[in-house]
Amino acid sequence: MPNLKDLRIRIHSVRSTQKITSAMKMVAASKLRRAQLAVEDSRPYVGRMTRMLGEFVGSLPEGAPVPPLLAGRDKVETHLIVAVTADRGLCGGFNGSVVREVRRRVRELRSMGKTVKILCLGKKGRDALRGQFRDAIIDTVEGLTRNVVRFETATGIAARLASMFAKEEFDVCTLVYNRFQSAMTQHVTVRQIVPFAAGAPEEDAAAKTVGGPRAMYILEPSEEEILDLLVPRNLAVQLYHALTESYASEQGARMTAMDNATRNAGEMIDALTLTYNRTRQAVITKELIEIISGAEAL
Amino acid sequence: MAGRVQFELVTPERVLAAEEADLVVVPGGDGNFGVLPGHAPLLSTLRPGVVDIYEGDKITSRIFVAGGFAEVAEDRFTVLADEAQAVEDIDAAAAAERLNAAREALTRAQGGDEDTAAAEADLAVAEALAAAAGTH
Numbered sequence: 098m099p100n101l102k103d104l105r106i107r108i109h110s111v112r113s114t115q116k117i118t119s120a121m122k123m124v125a126a127s128k129l130r131r132a133q134l135a136v137e138d139s140r141p142y143v144g145r146m147t148r149m150l151g152e153f154v155g156s157l158p159e160g161a162p163v164p165p166l167l168a169g170r171d172k173v174e175t176h177l178i179v180a181v182t183a184d185r186g187l188c189g190g191f192n193g194s195v196v197r198e199v200r201r202r203v204r205e206l207r208s209m210g211k212t213v214k215i216l217c218l219g220k221k222g223r224d225a226l227r228g229q230f231r232d233a234i235i236d237t238v239e240g241l242t243r244n245v246v247r248f249e250t251a252t253g254i255a256a257r258l259a260s261m262f263a264k265e266e267f268d269v270c271t272l273v274y275n276r277f278q279s280a281m282t283q284h285v286t287v288r289q290i291v292p293f294a295a296g297a298p299e300e301d302a303a304a305k306t307v308g309g310p311r312a313m314y315i316l317e318p319s320e321e322e323i324l325d326l327l328v329p330r331n332l333a334v335q336l337y338h339a340l341t342e343s344y345a346s347e348q349g350a351r352m353t354a355m356d357n358a359t360r361n362a363g364e365m366i367d368a369l370t371l372t373y374n375r376t377r378q379a380v381i382t383k384e385l386i387e388i389i390s391g392a393e394a395l
Numbered sequence: 141m142a143g144r145v146q147f148e149l150v151t152p153e154r155v156l157a158a159e160e161a162d163l164v165v166v167p168g169g170d171g172n173f174g175v176l177p178g179h180a181p182l183l184s185t186l187r188p189g190v191v192d193i194y195e196g197d198k199i200t201s202r203i204f205v206a207g208g209f210a211e212v213a214e215d216r217f218t219v220l221a222d223e224a225q226a227v228e229d230i231d232a233a234a235a236a237e238r239l240n241a242a243r244e245a246l247t248r249a250q251g252g253d254e255d256t257a258a259a260e261a262d263l264a265v266a267e268a269l270a271a272a273a274g275t276h
């Protein structure tokens with residue numbers, strides 16, 4: 098028979114865990130609201146930037162010099178995978194699904210004889226990947242998302258990627274991140290940013306409708322100058338997009354996970370309370386029987 | 141086709157303006173230019189300055205941009221700004237403070253071997269912001 102005191106301690110401990118998880122859920126919910134707004138506000142900019150770049154590059158005459166950051170190099174030997182995860186856990190499958198996708202890609206690329214490097218944005222990605230791919234991880238950036246994603250953060254990383262590319266430290270760069278759909282669902286998204294693959298499906302469709310002979314743009318100041326500014330800018334925009342999406346997904350995933358945890362704790366408390374009451378009753382009954390049979394024996 | 145310009149001004153943080161206008165004047169990289177309905181396709185960089193949106197021949201709103209890109213295609217006119225805010229919302233004191241900070245940063249950058257180009261760009265933005273603040 099379970100000990101009454103142990104049960105009491107157990108119930109108490111589950112109850113305090115439940116308090117923590119429900120507080121975390123509340124915090125995540127309020128952060129989610131803001132993050133969701135940020136995502137929705139940033140999507141138009143990202144979409145238009147992608148469309149503009151697509152149409153502009155499409156309008157360039159055949160054989161025009163395009164920066165390698167956009168068009169890619171002839172060799173595709175070294176792949177850089179940027180894994181966007183959270184710094185903290187307790188958010189369900191959020192980090193795990195990014196990590197799983199990164200693992201899969203690394204194995205696939207290695208079996209094709211390519212060199213793979215990993216840049217982790219977020220501590221959890223590194224923690225999960227370093228066991229298996231310690232040699233591939235070139236660096237980890239932490240603390241990218243403190244309540245809000247700042248555009249400057251993305252600019253900084255983009256500048257770093259651009260200079261690494263210039264030094265030929267990688268040829269192809271792919272982002273792996275969670276795309277925010279709703280608080281319940283996040284999609285692991287893989288997006289190649291160097292060389293830039295023109296757009297996600299929905300933006301692609303918008304670019305295609307123009308079709309036919311492309312409108313020739315008047316360019317001010319000049320093609321090179323615009324490309325010089327536009328291409329690094331686009332890199333920063335794509336990173337910013339990934340970071341905001343990932344941050345909103347993280348909050349959504351955490352909210353859902355903590356909601357489940359709170360509910361599970363509630364069920365556990367109910368079950369334990371039932372056992373506790375039964376046990377208590379059994380103890381009382383036993384004592385009564387003892388007293389009565391003692392009295393009868395007299 | 142002719143009619144009005146579908147004007148949009150977006151920053152990474154939000155859509156600041158989405159409206160129809162008769163004329164929009166923006167600070168292009170090679171000098172200010174105005175966009176009327178039926179403008180030829182154009183792609184331009186922007187320097188820090190003020191975008192003026194006209195309704196008839198009156199300016200209905202003025203928006204400060206810190207740089208970015210402008211794209212004209214058919215009757216659509218899109219400005220992708222790095223940073224933007226309505227001129228009437230600019231806090232003159234904050235703008236002056238930012239200008240001073242940018243000047244100091246540039247002096248520091250010139251002293252060491254840091255990136256002076258970035259500091260100069262910051263200063264240009266701060267100067268344009270302070271100038272815009274003075275006009276309202």
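First to last, the sequence lines map onto chains V and X. The first sequence: position 258 = 355 (the working numbering), numbered continuously. The second sequence: position 65 = 205 (the working numbering), numbered continuously. Heads up, the beta-carbon is just placed ideally off N, CA and C, and yes, glycines get one too. Note that the structure is a prediction, hence the values are computed from the model and not measured.
### Query
Got a sec: which bits of the segment 143–160 of chain X sit with their beta carbon under 8 Å from any beta carbon on chain V, in order along the chain?
Under the 8 Å Cβ criterion, the segment 143–160 of chain X contributes Glu148, Val150, Thr151, Pro152, Glu153, Arg154, Val155.
### Query
At a Cβ threshold of 7 Å, is Asp170 of chain X touching chain V?
As a working note, residue 170 of chain X is residue 30 in the second sequence. Chain V contact via Cβ: present.
### Query
How about the segment 325–340 of chain V and the segment 170–178 of chain V: do they share at least three Cβ pairs that are nearer than 8 Å?
Per the Cβ contact rule, the segment 325–340 of chain V is not in contact with the segment 170–178 of chain V (fewer than 3 Cβ pairs under 8 Å).
### Task
Locate the alpha helix (DSSP H) running through Pro141 of chain V, then write down its first and last residues.
On the first sequence, position 44 is the one that residue 141 of chain V refers to. Unbroken alpha helix (DSSP H) run through Pro141 of chain V: 101–156.
### Task
Would you please state the rounded distance, in angstroms, between the beta carbons of Leu176 of chain X and Ala210 of chain X? I believe it to be under 8 Å.
Walking along the second sequence from the start, residue 176 of chain X turns up at place 36. Walking along the second sequence from the start, residue 210 of chain X turns up at place 70. Actually they are not in contact, since the Cβ atoms of Leu176 of chain X and Ala210 of chain X sit about 14 Å apart, beyond 8 Å.
#### Entry: Residue span of the beta strand (DSSP E) that contains Phe267 of chain V, given as start and end
Against the first sequence, residue 267 of chain V aligns to sequence position 170. For Phe267 of chain V, there is no enclosing beta strand (DSSP E), since its DSSP letter is neither H nor E.
### Message
Let's test the definition: count the other Cβ atoms within 10 Å of the Cβ of Gln250 of chain X and tell me whether it reaches 16, buried, or not, exposed.
### Response
Counting from 1 along the second sequence, the entry for residue 250 of chain X is found at position 110. That one is exposed.
### Query
In the structure shown, what three-state DSSP assignment does Lys220 of chain V receive?
As a working mapping, residue 220 of chain V is identified with position 123 in the first sequence. Assigned with DSSP and collapsed to three states, Lys220 of chain V falls in helix.
### Query
Whose CA, out of V:Val380, V:Ile254, V:Thr370, lies closest to the CA of Val181 of chain V?
Here residue 181 of chain V is taken as the residue at index 84 of the first sequence, counted from 1. Ranking V:Val380, V:Ile254, V:Thr370 by Cα distance to Val181 of chain V puts V:Ile254 first.
### Message
Given this structure, state the Cα-to-Cα distance separating Met352 of chain V from Gln289 of chain V, to the nearest angstrom.
### Response
Walking along the first sequence from the start, residue 352 of chain V turns up at place 255. Walking along the first sequence from the start, residue 289 of chain V turns up at place 192. Cα to Cα, the separation comes out at about 29 Å.
#### Entry: Close-in-space but distant-in-sequence residues of the same chain around Leu101 of chain V (CB under 8 Å, 5 per side omitted)
Here residue 101 of chain V refers to the residue found at position 4 of the first sequence. Here the set comprises Tyr373, Thr376, Arg377, Val380.
### Query
Buried or exposed: where does His338 of chain V fall if 16 or more other Cβ atoms within 10 Å of its Cβ makes it buried?
Indexing the first sequence from 1 puts residue 338 of chain V at position 241. Flag for His338 of chain V reads buried.
### Local Cβ density within 10 Å of Gly151 of chain V, reported as buried at 16 or more and exposed below that
Position 54 of the first sequence holds residue 151 of chain V. Buried.
### Query
For Leu134 of chain V, which option in X:Glu195, X:Val155, X:Ala180, X:Glu159 has the closest C-alpha, if you only look at C-alpha atoms?
Residue numbering aside, residue 134 of chain V sits at position 37 when the first sequence is read from its first letter. Looking at the Cα atoms, X:Val155 is the closest of the given residues.
### Message
Please classify Pro162 of chain V as buried or exposed, where buried requires at least 16 neighbouring CB atoms within 10 angstroms.
### Response
The residue given as residue 162 of chain V occupies position 65 in the first sequence. By the 10 Å Cβ count, Pro162 of chain V comes out exposed.
### Cβ-based contacts, 8 Å cut-off: residues of the segment 313–341 of chain V near chain X
Under the 8 Å Cβ criterion, the segment 313–341 of chain V contributes Met313, Tyr314, Ile315, Leu316, Glu317, Pro318, Glu322, Ile323, Leu326, Leu327, Arg330, Val334, Tyr337.
### Task
Just tell me which of V:Tyr142, V:Leu167, V:Gly144 has its CA closest to the CA of Val154 of chain V.
For the purposes of this step, residue 154 of chain V is identified with residue 57 of the first sequence, where counting begins at 1. For Val154 of chain V, the nearest C-alpha among the options comes from V:Leu167.
### Task
List the whole-angstrom C-beta distance separating Arg144 of chain X from Ala161 of chain X, where the pair is believed to meet the contact cut-off of C-beta under 8 Å.
As a working note, residue 144 of chain X is residue 4 in the second sequence. As a working note, residue 161 of chain X is residue 21 in the second sequence. With a Cβ gap of about 6 Å, Arg144 of chain X and Ala161 of chain X count as contacting.
### Task
Answer yes or no: does any C-beta atom of chain X fall closer than 7 Å to that of Pro141 of chain V?
Locating residue 141 of chain V in the first sequence gives position 44, counting from the first residue. Contact of Pro141 of chain V with chain X is assigned, a C-beta pair being separated by under 7 Å.
### Task
Flag this pair as yes or no: are the beta carbons of Val269 of chain V and Glu198 of chain V separated by less than 7 Å?
The residue given as residue 269 of chain V occupies position 172 in the first sequence. The residue given as residue 198 of chain V occupies position 101 in the first sequence. Contact flag unset, no.
### Task
For His284 of chain V, write down the residues that DSSP places opposite it in a beta bridge.
Residue 284 of chain V sits at position 187 when you count from the first residue of the first sequence. According to DSSP, His284 of chain V bridges with V:Arg276.
#### Entry: Boundaries (first-last residue) of the alpha helix (DSSP H) holding Leu269 of chain X
As a working mapping, residue 269 of chain X is identified with position 129 in the second sequence. Per DSSP, Leu269 of chain X belongs to the alpha helix (DSSP H) from 256–274.
### Task
Leaving out five residues on either side along the sequence, give the residues of the same chain with a beta carbon under 7 Å from the beta carbon of Tyr344 of chain V.
To locate residue 344 of chain V, count along the first sequence from 1; it is residue 247. If we look at Tyr344 of chain V and ignore the five residues flanking it on each side, its Cβ neighbours are Ala132, Thr242, Val246.
### Query
Which residue or residues does DSSP assign as beta-bridge partners of Ser201 of chain X?
Stepping through the second sequence from its first residue, residue 201 of chain X is reached at position 61. Under DSSP, Ser201 of chain X forms a beta bridge with X:Ile193.
### Query
Between the beta-carbon of Gln348 of chain V and the beta-carbon of Ala125 of chain V, is there less than 7 Å?
Indexing the first sequence from 1 puts residue 348 of chain V at position 251. Indexing the first sequence from 1 puts residue 125 of chain V at position 28. Yes, the pair counts as a contact, with Cβ atoms nearer than the cut-off.
### Query
Which chain V residues sit within Cβ distance under 7 Å of Glu211 of chain X?
Counted from its first residue, the second sequence places residue 211 of chain X at position 71. Met149, listed in chain order.
#### Entry: Enclosing alpha helix (DSSP H) for His338 of chain V [first to last residue]
Indexing the first sequence from 1 puts residue 338 of chain V at position 241. Per DSSP, the continuous alpha helix (DSSP H) segment holding His338 of chain V begins and ends at 320–394.
### Task
Mind reading off the beta-carbon distance from Asp192 of chain X to Gly208 of chain X? Whole number of angstroms is fine, and I expect it under 8 Å.
Start at 1 with the first residue of the second sequence, and residue 192 of chain X comes out as number 52. Start at 1 with the first residue of the second sequence, and residue 208 of chain X comes out as number 68. About 16 Å separates the beta carbons of Asp192 of chain X and Gly208 of chain X, which is beyond the 8 Å limit, so they are not a contact pair.
### Query
Just curious, the alpha helix (DSSP H) that Arg248 of chain X is in, first and last residue?
Position 108 of the second sequence, counted from the first residue, corresponds to residue 248 of chain X. Arg248 of chain X -> alpha helix (DSSP H) spans 232–251.
### Query
With C-beta atoms as the reference, is Lys214 of chain V less than 7 Å away from Ala183 of chain V?
Here the question's residue 214 of chain V lines up with position 117 in the first sequence. Here the question's residue 183 of chain V lines up with position 86 in the first sequence. No; because the gap between Cβ atoms is not below 7 Å, this pair is not in contact.
### Query
Are there 16 or more other CB atoms within 10 angstroms of the CB of Asn240 of chain X, so buried, or fewer, so exposed?
Counted from its first residue, the second sequence places residue 240 of chain X at position 100. Counting Cβ neighbours within 10 Å, Asn240 of chain X comes out exposed, since fewer than 16 surround it.
### Message
If distances are taken between C-alpha atoms only, which option among V:Asn361, V:Ile323, V:Ser390, V:Gly219 comes closest to Asp236 of chain V?
### Response
Position 139 of the first sequence, counted from the first residue, corresponds to residue 236 of chain V. The closest CA to that of Asp236 of chain V, considering only V:Asn361, V:Ile323, V:Ser390, V:Gly219, is found on V:Gly219.
### Query
In chain order, what residues of the same chain have a beta carbon less than 8 Å from the beta carbon of Glu137 of chain V, not counting five sequence neighbours either side?
In the first sequence, counting from the first residue as 1, residue 137 of chain V sits at position 40. Leaving aside the five residues that flank Glu137 of chain V on each side, none in its chain has a CB nearer than 8 Å to its CB.
### Task
Per DSSP, which residues does Arg207 of chain V bridge with? Please list them.
As a working mapping, residue 207 of chain V is identified with position 110 in the first sequence. Paired residue(s): none; Arg207 of chain V is not in a bridge.
### Query
Taking Cβ positions only, does Pro167 of chain X come closer than 7 Å to chain V?
Walking along the second sequence from the start, residue 167 of chain X turns up at place 27. Among the CB atoms of chain V, none fall inside 7 Å of the CB of Pro167 of chain X.
### Query
In whole angstroms, what is the alpha-carbon distance linking Val238 of chain V and Glu249 of chain V?
Start at 1 with the first residue of the first sequence, and residue 238 of chain V comes out as number 141. Start at 1 with the first residue of the first sequence, and residue 249 of chain V comes out as number 152. For Val238 of chain V and Glu249 of chain V, the distance between alpha carbons rounds to 14 Å.
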